[in-house]
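Protein chains: 2
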Amino acid sequence: MVDRRRITPVILSGGSGTRLWPLSRSSTPKQFLRLTDKRTMFQLTVERARDPGRFAGPIVVANAAHADLVEDQLAEIGVRPEAIILEPVGRNTAPAIAVAALAADPAALLLVMPSDHVITDPEAFREAIEALVPFVEDGWLATFGIEADAPHTGYGYIRRGRRLAPGVNAVDRFVEKPDHKTAIQYLHEGGYSWNGGIFLFSAGYYLDALERSDPAILAAARQSMDGRLEEGVRVFPNPRAFAAAPSNSIDYAVMERADRVAVAPVAMGWSDVGSWDALHELADTDENGNAIEGEVRAFDVNNSLIRSEGPVVAAIGISNLILIATDDAVLVMPRGQSQHVKRAIEALKGENHATLDSFSRRVVTSA
Amino acid sequence: MVDRRRITPVILSGGSGTRLWPLSRSSTPKQFLRLTDKRTMFQLTVERARDPGRFAGPIVVANAAHADLVEDQLAEIGVRPEAIILEPVGRNTAPAIAVAALAADPAALLLVMPSDHVITDPEAFREAIEALVPFVEDGWLATFGIEADAPHTGYGYIRRGRRLAPGVNAVDRFVEKPDHKTAIQYLHEGGYSWNGGIFLFSAGYYLDALERSDPAILAAARQSMDGRLEEGVRVFPNPRAFAAAPSNSIDYAVMERADRVAVAPVAMGWSDVGSWDALHELADTDENGNAIEGEVRAFDVNNSLIRSEGPVVAAIGISNLILIATDDAVLVMPRGQSQHVKRAIEALKGENHATLDSFSRRVVTSA
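First to last, the protein sequences are chains A and B. Here the first sequence is numbered in our numbering, starting from 2 and rising by one per residue. Here the second sequence is numbered in our numbering, starting from 2 and rising by one per residue.
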């Protein structure tokens, strides 16, 4: 079903984060937004592994609620997927990758990518892929190590072990999201990379490793795919069987327990765009340090991120501010505070606020 | 036509300011907004001179475009006006007051009030009115002197002359809006009040004084009222005749040139609410110094003015900010900068931006 010589991208699109509220909503999470480019983050992820000389069509694993979005956004960039596997419920990454691996040829190499990350240096990414290929063909499970250049407490860390080849190390160990003190220690010590959640391995070796480390996940995934429904490229695993899979990440369920795990430490301009601050850092800014999108009129504005998806925004005399406006919601905060967006989100969740789910569709007529 | 013993309020509602954009628009200027109270500033002005033992029904002079607004807002508070005189074009205050004076009995005392000012101590205002009554019955023209407690350059100043009675002085002279240095000098010198644009005089004496100082205005006003059309309480001066009146303020055309002009210096919590900063100063603030209206969720927010007329606003970790959100426009600036709103307004005027004229009417449906 999948070309043996080519790498099959497996694009994980299960996320429904609201950290970029009010733009991201459960109906249109971050990966489907045009945040850093005219293309959405999902589309950019697909484009990153599109070279037909090297990559097969992607297998997308997505929330069933986003089936149309996935299909439309693929069509918009002219990409025909191998399959769009639609999860009835989210069970984290280990089961999601398992159903993708079951849909692929056991010998196929799978490049697993979250759909909501940015990589500004795709060439470096491609080089890291090529450095890893001989190992994953030999049965190693591989991950990509993001250069840890700050004591970030939001990522898992990978301690690099012995060098296997240029640009490839064995993984010494995975460590969980550290506290700030530990993160500073890792940075000081050196030899650590962030775990960016991007993986390369053959479908068969992944399934073998999963069978050894978390067989209940494999059994549920297999049963759900045996009972699948197919409609064109859309694949619906049996919902009851899929829902029976333990919810676990590939890191915990497989990578941390497998024997031969390699890491390619790579500086590729990676970002998970996990906050509005991160987006401001990624954005092309004007001569005043502003990243401005939409109908915005700025006067004496510096180092600010201002986006409007609807209303005209007039900003006067402000610095270091983040302001995001949509037709039904406005977020305002200083730069450096965007980790606190979750407080607003939690409050709105407590009220079942409509702006978390979807955009109001408004018919605008002049009064 | 007007009860001789009672004072007739003349409410000037010609303004179409946009300094409180995006709430104030040319279709709904400041006086028709609910800024400081559940009632609009126009309604508060009417209520201020409503005591039937002392006041007759008001004569309202308004822009013809606002006829329905005026009538609706009067009906909402159950006030029946003597007349609503609808100007076809704005010609400043001298002609507006002239048509009101012509509609009134010559012996009627007119209390002329802009409709977009706030007076937080109406009792002090009432006392100042009573102190002036004997003088205006005797033919004086009177004005109310606002306590000048800052070197404001946006108001005209009145230099007080000799004391005529408790709470009443002769006016020594009117002086135009000063520069900052001169304003500081006035404050230091003492003896000055701000000219708040509120006046008391008999209709006949005003018309007499106007005839002496600017007869062209009186002639045009008289001709426009002779050729008026009446529809219920609505009075339409002849548009061509009215438009022929020179555009001039009562200050320049009459008060500065009249012989017997009195001032009642009064501390009555007056504000012309000329900016968002002024509104924040007037507003009831919560324990964090915030004035918040509408669907706003604030976290670690201090000393800020946040109003929403539509979208939900989430504000996180901000201080001293002004944010005004409507369905089609958002204004954001630090406190103390609201004099710069005009820069945004000028830019939007240059584009004939729809948000200056009227609100978009939106039909909201869940997507």
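Every residue gets a Cβ at the ideal spot worked out from N, C-alpha and C, and that includes glycine. Just so we're clear, the structure is a prediction, and the values are computed from it rather than from any experiment.
Which bits of chain B does A/LEU324 rub up against, with CB to CB less than 7 Å?
Position 323 of the first sequence, counting from 1, holds the residue named residue 324 of chain A. Near A/LEU324 (Cβ distances below 7 Å), the residues of chain B are VAL333.
Alpha carbons only, please: which of B/TRP141, B/PHE43, B/GLY295 is nearest the one belonging to B/ALA171?
For the purposes of this step, residue 171 of chain B is identified with residue 170 of the second sequence, where counting begins at 1. It is B/TRP141.
Rounded to whole angstroms, what's the CA-CA distance from A/GLY198 to B/SER25? Just pull it up for me.
Translated into positions along the first sequence, residue 198 of chain A becomes position 197. Translated into positions along the second sequence, residue 25 of chain B becomes position 24. So the alpha carbons of these two residues sit roughly 51 Å apart.
So is A/ARG298 in contact with chain B if we call contact Cβ pairs under 7 Å?
Here residue 298 of chain A refers to the residue found at position 297 when the first sequence is read from its first residue. Chain B, which has a Cβ nearer than 7 Å to the Cβ of A/ARG298, makes this yes.
Assign A/TRP141 to one of three DSSP states: helix, strand, or coil.
Along the first sequence, read from residue 1 onward, the residue named residue 141 of chain A stands at position 140. It is coil, neither helix nor strand.
Which residues does DSSP pair with B/VAL333 in a beta bridge?
Counting from 1 along the second sequence, the entry for residue 333 of chain B is found at position 332. B/VAL333 is bridged to A/ALA316, B/LEU324.
Do B/ILE218 and B/PRO96 have their beta-carbon atoms positioned less than 7 Å apart in this structure?
Within the second sequence, numbered from 1, the residue matching residue 96 of chain B stands at position 95. Within the second sequence, numbered from 1, the residue matching residue 218 of chain B stands at position 217. Yes, the pair counts as a contact, with Cβ atoms nearer than the cut-off.
Using a Cβ distance threshold of 8 Å, determine whether the region 65-82 of chain B contacts the region 30-49 of chain B, with at least three qualifying pairs required.
yes
For a quick check, are the C-beta atoms of B/ILE317 and A/HIS354 less than 7 Å apart?
Translated into the one-based positions of the second sequence, residue 317 of chain B becomes position 316. Translated into the one-based positions of the first sequence, residue 354 of chain A becomes position 353. Contact: no.
May I ask you to report which of helix, strand or coil DSSP gives B/GLY270?
Along the second sequence, read from residue 1 onward, the residue named residue 270 of chain B stands at position 269. In this structure, B/GLY270 counts as coil in the three-state DSSP scheme.
Could you pull out every residue in the same chain whose Cβ sits closer than 7 Å to the Cβ of B/ILE147, ignoring the five residues on either side in sequence?
On the second sequence, residue 147 of chain B is found 146 positions in, with the first residue counted as 1. Hits under 7 Å: SER194, TRP195, GLY197, TRP271.
Ordered along the chain, which non-local residues of its own chain (more than five positions away) have a Cβ less than 6 Å from that of B/ASN321?
Within the second sequence, residue 321 of chain B is the residue found at index 320, counting from 1. Only ASN304, PRO335, ARG336 meet the Cβ criterion.
A/VAL369 versus A/ARG160: straight-line alpha-carbon distance, rounded
As shown, chain A starts at 2 and ends at 368. That puts residue 369 of chain A outside it, with no answer to give.
Less than 7 Å between the C-beta atoms of A/LEU283 and A/ILE307, yes or no?
Sequence index remark: in the first sequence, residue 283 of chain A carries index 282 (1-based). Sequence index remark: in the first sequence, residue 307 of chain A carries index 306 (1-based). It is not a contact, given that the beta carbons lie outside the stated cut-off.
On the CB-based measure, 16 or more other CB atoms within 10 Å of its CB, does A/GLU88 come out buried or exposed?
Residue mapping note: residue 88 of chain A aligns to position 87 of the first sequence, counting from 1. Result: buried.
Helix, strand or coil at A/ASP358 [DSSP, three-state]
To locate residue 358 of chain A, count along the first sequence from 1; it is residue 357. Here A/ASP358 sits in coil by DSSP.
Cβ neighbours of A/ALA265 in the same chain (closer than 6 Å, five flanking residues each side left out)
Numbered from its first residue, the first sequence carries residue 265 of chain A at position 264. Once the five neighbours on either side are set aside, the close Cβ partners of A/ALA265 are ALA129, ALA132, LEU133, PHE145, GLY168, VAL169.
Residues of the region 307-319 of chain B with a CB closer than 7 Å to any CB of chain A: list them in chain order, please.
PRO312, VAL313, VAL314, ALA315, ALA316, ILE317, GLY318, ILE319
Anything in chain A within Cβ reach of B/ARG344, meaning under 8 Å, just list it in chain order.
Here residue 344 of chain B is taken as the residue at index 343 of the second sequence, counted from 1. The contacting residues are PHE300, ILE317.
How would you label B/ARG163, buried or exposed, when you count the other beta carbons within 10 angstroms and need 16 or more for buried?
Here residue 163 of chain B refers to the residue found at position 162 when the second sequence is read from its first residue. Result: exposed.
Residue range of the unbroken alpha helix (DSSP H) whose run includes B/ALA84:
Position 83 of the second sequence, counted from the start, is the residue given in the question as residue 84 of chain B. Segment 84-88 is the beta strand (DSSP E) holding B/ALA84; no alpha helix (DSSP H) there.
Whose Cβ in chain A lies nearer than 7 Å to the Cβ of B/THR356?
On the second sequence, residue 356 of chain B is found 355 positions in, with the first residue counted as 1. Neighbours of B/THR356 on chain A, chain order: VAL313.
Per-residue burial, B/LYS31 [other beta carbons within 10 Å of its own, 16 or more giving buried]
Locating residue 31 of chain B in the second sequence gives position 30, where the first residue counts as 1. By the neighbour-count rule (16 or more Cβ atoms within 10 Å), B/LYS31 is buried.
Looking at the C-beta of A/HIS189, does it have a partner C-beta in chain B at a distance below 7 Å?
The sequence position of residue 189 of chain A within the first sequence is 188, counting from 1. No, no contact with chain B.
Output the boundary residues of the beta strand (DSSP E) element that contains B/ALA184.
Taking the second sequence and counting its residues from 1, one reaches residue 184 of chain B at position 183. Here B/ALA184 belongs to no beta strand (DSSP E); instead the alpha helix (DSSP H) covers 181-190.
What did DSSP end up calling A/GLY58 once you bin it into helix, strand or coil?
Walking along the first sequence from the start, residue 58 of chain A turns up at place 57. Looking at A/GLY58 - three-state DSSP - the assignment turns out to be coil, as it is neither helix nor strand.
Does any CB atom of chain B fall closer than 7 Å to the CB of A/GLN338?
Locating residue 338 of chain A in the first sequence gives position 337, counting from the first residue. Interface residue, yes.
Those residues which DSSP pairs with A/ALA63 across a bridge
For the purposes of this step, residue 63 of chain A is taken as residue 62 along the first sequence, with counting starting at 1. Looking at the DSSP assignment, A/ALA63 forms a beta bridge with A/SER14, A/LEU87.
Extent of the continuous beta strand (DSSP E) run through A/SER203:
Taking the first sequence and counting its residues from 1, one reaches residue 203 of chain A at position 202. Run containing A/SER203: 193-203, per the beta strand (DSSP E) assignment.
Would DSSP call A/GLY157 helix, strand or coil?
One-based indexing of the first sequence puts residue 157 of chain A at position 156. DSSP places A/GLY157 in coil when its eight states are reduced to three.
Cutting at 7 Å between CB atoms, please list the residues of its own chain near B/ARG55, excluding the five before and the five after it.
Counted from its first residue, the second sequence places residue 55 of chain B at position 54. Answer for B/ARG55: ARG7, ILE8, listed in chain order.
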